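In the working numbering, the protein residues as written are 1045 to 1106.
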């Protein structure tokens, strides 16, 4: 989803099985039913693996 240059609001919700990321644009200027949004649902173990790899890579890039 391309939100262009619109400001976005991001909410992250996690359960034991999944991580859900909710991204919403136009929250400052449009009523709720007219806002653009994306919901990304990722299995928690894959999210943990990806964030762990990213953190290790960032630590070695310093």
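Just so you know, even glycine gets a beta-carbon here, dropped at the ideal spot from N, CA and C.
Remember, it's a predicted structure, so these values are computed and weren't measured experimentally.
Distance cut-off 8 Å: residue i Cβ against heavy atoms of the ligand ADP
| i | result |
| --- | --- |
| residue 1063 | The model on display carries no ligand, and the ligand ADP is accordingly not part of it. |
Coarse secondary structure for residue i, derived from DSSP in three states
| i | result |
| --- | --- |
| residue 1081 | strand |
| residue 1064 | strand |
| residue 1053 | strand |
Nearest neighbour of residue i, chosen from the options [CA to CA]
| i | options | result |
| --- | --- | --- |
| residue 1059 | 1093, 1106, 1050 and 1086 | 1086 |
| residue 1045 | 1093, 1101, 1088 and 1081 | 1081 |
| residue 1055 | 1071, 1103 and 1101 | 1071 |
| residue 1091 | 1106, 1064 and 1049 | 1064 |
| residue 1069 | 1099, 1103, 1047 and 1100 | 1047 |
Could you tell me whether the stretch 1070-1077 touches the stretch 1092-1099, where touching means 3 or more Cβ pairs closer than 8 Å? Contact between the stretch 1070-1077 and the stretch 1092-1099 is absent, because fewer than three Cβ pairs lie under 8 Å.
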